[in-house]
Amino acid sequence: MSESHNRRARFGALRGLLYMRIQELVTPISLLRAAGIAVACFLLFLLVGLDRQEAAQRYQGLVAGIFALKFLPIFCLTKGGETLRSELKDGTIEYLWVRPASKVELYFGFMLSSYLGILALIGPALLGISVAGLTMGVVGLDGLLALWVTILAVVASFTAISGAIGSLSSKFVVLGIFYYSFVELGLGAIPNGVQRLALSFHTKSLLSGMVRDGGNLSLEPFAWILATGALGLVVGAAVFSQSRYVVGSEKEA
Amino acid sequence: MNSIVKAEELSCFYGIVLGLNNVSFEIPAGITGLVGPNGAGKSTLIKLVTGQLAPSSGSLTVFGQRPRNNPRLLGQLGYCPEREQLPKDLRPVAWLRSLASVSGTPWWETRALAEQALERSRLGKEHWKKRIGTYSKGMKQRVKLAQAIMHDPKLVVLDEPMNGLDPMGRSEFGEILKELNEQGTSILVSSHILHELEFLCSGFVMLNWGRVLASGSQIDIRKTVVEWSDEISIRCSDPNHLAAHLQAQGLLRGFLADGQDLTIWVNEPEQFLAAWPQLFAGCACEVYEMRNKNQALSSIFERMTR
Numbered sequence: 001m002s003e004s005h006n007r008r009a010r011f012g013a014l015r016g017l018l019y020m021r022i023q024e025l026v027t028p029i030s031l032l033r034a035a036g037i038a039v040a041c042f043l044l045f046l047l048v049g050l051d052r053q054e055a056a057q058r059y060q061g062l063v064a065g066i067f068a069l070k071f072l073p074i075f076c077l078t079k080g081g082e083t084l085r086s087e088l089k090d091g092t093i094e095y096l097w098v099r100p101a102s103k104v105e106l107y108f109g110f111m112l113s114s115y116l117g118i119l120a121l122i123g124p125a126l127l128g129i130s131v132a133g134l135t136m137g138v139v140g141l142d143g144l145l146a147l148w149v150t151i152l153a154v155v156a157s158f159t160a161i162s163g164a165i166g167s168l169s170s171k172f173v174v175l176g177i178f179y180y181s182f183v184e185l186g187l188g189a190i191p192n193g194v195q196r197l198a199l200s201f202h203t204k205s206l207l208s209g210m211v212r213d214g215g216n217l218s219l220e221p222f223a224w225i226l227a228t229g230a231l232g233l234v235v236g237a238a239v240f241s242q243s244r245y246v247v248g249s250e251k252e253a
Numbered sequence: 254m255n256s257i258v259k260a261e262e263l264s265c266f267y268g269i270v271l272g273l274n275n276v277s278f279e280i281p282a283g284i285t286g287l288v289g290p291n292g293a294g295k296s297t298l299i300k301l302v303t304g305q306l307a308p309s310s311g312s313l314t315v316f317g318q319r320p321r322n323n324p325r326l327l328g329q330l331g332y333c334p335e336r337e338q339l340p341k342d343l344r345p346v347a348w349l350r351s352l353a354s355v356s357g358t359p360w361w362e363t364r365a366l367a368e369q370a371l372e373r374s375r376l377g378k379e380h381w382k383k384r385i386g387t388y389s390k391g392m393k394q395r396v397k398l399a400q401a402i403m404h405d406p407k408l409v410v411l412d413e414p415m416n417g418l419d420p421m422g423r424s425e426f427g428e429i430l431k432e433l434n435e436q437g438t439s440i441l442v443s444s445h446i447l448h449e450l451e452f453l454c455s456g457f458v459m460l461n462w463g464r465v466l467a468s469g470s471q472i473d474i475r476k477t478v479v480e481w482s483d484e485i486s487i488r489c490s491d492p493n494h495l496a497a498h499l500q501a502q503g504l505l506r507g508f509l510a511d512g513q514d515l516t517i518w519v520n521e522p523e524q525f526l527a528a529w530p531q532l533f534a535g536c537a538c539e540v541y542e543m544r545n546k547n548q549a550l551s552s553i554f555e556r557m558t559r
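Protein chains in written order, with the working numbering: chain Y, 1 to 253; chain P, 254 to 559.
This is the structure in structure tokens:
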């Protein structure tokens with residue numbers, strides 16, 4: 001072996017898995033799909049401008065109420081564990097397991113890859129939504145900044161939670177929906193501090209008044225969102241590194 | 254024996270399901286075939302060698318080290334799984350660069366490594382720009398081999414690499430493996446198609462039901478033959494002439510000539526095999542190869558598993 005092979009580059013697993021995902025996302029079909037999502041969201045959100053007087057209020061309701069609080073959690077919780085699980089199901093993980101990289105490194109690579117994959121769908125949607133808001137004049141750049149920063153953080157956290165669920169079970173889609181129902185809808189509705197465990201509670205707080213006064217970018221909700229995501233990431237990495245999986249089927253032990 | 258893989262009382266169970274049961278063997282440098290029917294324990298052994306599984310009991314060392322959770326050793330191994338699944342949307346160079354990066358290769362070196370590996374596995378350059386999903390089975394096998402040899406490993410482990418390849422593809426794949434071995438890479442290749450491995454491997458580990466039936470060089474394994482068959486296959490320049498020559502000596506019960514291949518059924522197999530040089534003398538025919546049916550590895554293996 002050459003000397004260069006013995007000298008291991010840092011973050012190689014992250015870089016390798018990220019590059020692989022980027023290559024998959026720049027296929028003509030993927031790019032066409034992203035463009036389609038952006039245009040569809042733009043046109044859909046333009047419809048709220050039909051009623052000029054209530055456009056701002058409806059835009060806020062659609063973006064914060066439906067997109068950020070309903071669609072995003074469900075989408076991310078059912079999609080975040082997909083990269084890991086499809087690698088296990090297809091067996092392509094075997095090419096990675098036999099490489100000199102730790103399982104924790106690989107897990108972080110999968111999560112980063114998942115995050116990028118979700119952003120490849122959410123990003124164009126958010127772009128369409130943002131352009132529609134600017135076109136109608138219902139939201140300013142400060143409001144959009146709050147929207148983008150919040151969404152990026154929330155997507156990261158939900159992806160990490162879904163990844164942790166995915167490292168535990170191949171039924172991550174069902175369990176993700178269960179998590180959404182129990183934590184986001186259930187605990188999020190308990191008004192004595194328990195609701196802080198729900199990311200939706202903090203998302204709502206960050207996006208409140210987005211169209212009126214540019215959102216509410218305060219530190220505490222962000223800290224809760226990111227801490228929850230970090231916890232999901234650590235739990236997922238610990239489970240993945242300690243479990244024995246049978247490639248092509250359910251986890252064995 | 255200077256072994257590269259050494260198993261001592263090695264067992265591996267999946268819950269109550271038997272994978273390998275108390276096996277001991279050594280594998281020397283060179284090309285070694287791992288043979289056995291489905292469920293014999295070949296894939297389990299391969300997963301143990303590549304560190305994907307841990308032994309339930311006993312020990313397994315590769316280059317004197319335990320492979321499980323041993324990145325330093327894994328850097329010296331290449332692995333080609335049995336599964337055909339490959340990322341269909343990627344081009345081979347991109348995929349290999351990603352894997353090289355996962356192995357810790359500095360990014361700027363990954364392209365050269367990937368291209369060299371594809372060249373060594375004889376995937377034509379005209380196919381490099383295509384997505385892997387559009388590849389034929391043979392091309393996919395070459396990409397799989399390329400990812401296994403990319404980092405110049407000391408041992409390449411191949412799980413059923415010739416499955417589904419046509420005869421020409423199998424022959425060319427065998428040539429690539431021989432070439433790799435000549436360059437100093439040891440190869441452990443599993444298959445249930447013994448006929449192919451016979452011409453490729455210098456040694457074998459024969460498995461069945463999680464047990465090692467025989468291990469060692471081809472010569473050692475052939476020495477276990479104690480009973481000779483009356484059926485002998487000969488490759489020669491003029492089968493009809495040779496058959497007539499032997500028939501005239503009253504040695505044959507029957508024969509079948511096909512191209513350069515001659516199959517004969519002899520009256521006294523042991524005496525014939527002991528005296529064949531004298532028996533063939535006087536016949537103006539070149540003999541390229543002669544083999545007793547019972548000497549074929551498939552036949553030996555068949556008798557062992559009976």
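All residues carry an ideal CB built from backbone N, CA and C; glycine is no exception.
Residues of chain P with a Cβ closer than 7 angstroms to the Cβ of GLY91 of chain Y are, in chain order, PRO334, ARG336 and GLN338. In the structure shown, ALA537 of chain P adopts coil according to DSSP, grouped into three states. Ranked by Cα distance from LEU207 of chain Y, the options Y:SER157, Y:PRO221 and Y:GLU105 are led by Y:PRO221. Residues of the same chain with a CB within less than 8 angstroms of the CB of LEU14 of chain Y, apart from the 5 flanking positions on each side, are GLU105, PHE108, GLY109 and LEU112 in chain order.
Close to chain P, meaning a Cβ-Cβ distance shorter than 8 angstroms, are the following residues of the stretch 9-23 of chain Y: ALA9, GLY12, ALA13, ARG15, GLY16, LEU17, TYR19, MET20 and GLN23. THR285 of chain P is bridged by DSSP to P:LEU441 and P:GLY456.
Excluding sequence positions up to five before and after ASP491 of chain P, its CB lies within less than 6 angstroms of the CB of CYS538, all in the same chain and listed in chain order.
Close to chain P, meaning a Cβ-Cβ distance shorter than 8 angstroms, are the following residues of the stretch 84-108 of chain Y: ASP90, GLY91, THR92, GLU94, TYR95, LEU96, TRP97, VAL98, ARG99, PRO100, ALA101, SER102 and LEU106.
Here TYR95 of chain Y is buried, its C-beta having at least 16 other C-beta atoms within 10 Å.
Counting C-beta pairs with one atom in each stretch, the stretch 165-175 of chain Y and the stretch 72-92 of chain Y have three or more that are closer than 8 angstroms, which means they touch.
By the Cβ neighbour-count rule, VAL458 of chain P is buried, with 16 or more other Cβ atoms within 10 Å of its own.
In this structure, PHE42 of chain Y keeps its C-beta atom at 8 angstroms or more from the C-beta atom of LEU62 of chain Y. Counting the other CB atoms within 10 Å of its CB gives HIS448 of chain P a total below 16, which places it among the exposed residues.
At a cut-off of 8 angstroms between C-beta atoms, GLN400 of chain P counts as an interface residue with respect to chain Y. With the rule of 3 Cβ pairs closer than 8 angstroms, the stretch 368-382 of chain P counts as touching the stretch 340-348 of chain P. Three or more Cβ pairs drawn from the stretch 162-169 of chain Y and the stretch 222-236 of chain Y lie within less than 8 angstroms of each other, which places the two stretches in contact. Uninterrupted alpha helix (DSSP H) stretches at least 4 residues long and entirely within the stretch 203-238 of chain Y occur at 210-213, given in chain order.
Of the candidates Y:PHE178, Y:ALA64, Y:LEU185 and Y:SER157, the residue whose Cα lies closest to the Cα of LEU126 of chain Y is Y:ALA64. In the DSSP assignment, the residues bridged to SER470 of chain P are P:GLY456.
By the neighbour-count criterion, in which a residue is buried when 16 or more other Cβ atoms sit within 10 angstroms of its Cβ, TYR541 of chain P is exposed. Among the residues facing chain Y, VAL409 of chain P is not included, as its CB has no counterpart in that chain under 8 angstroms away. Among the residues facing chain Y, PRO414 of chain P is not included, as its CB has no counterpart in that chain under 8 angstroms away.
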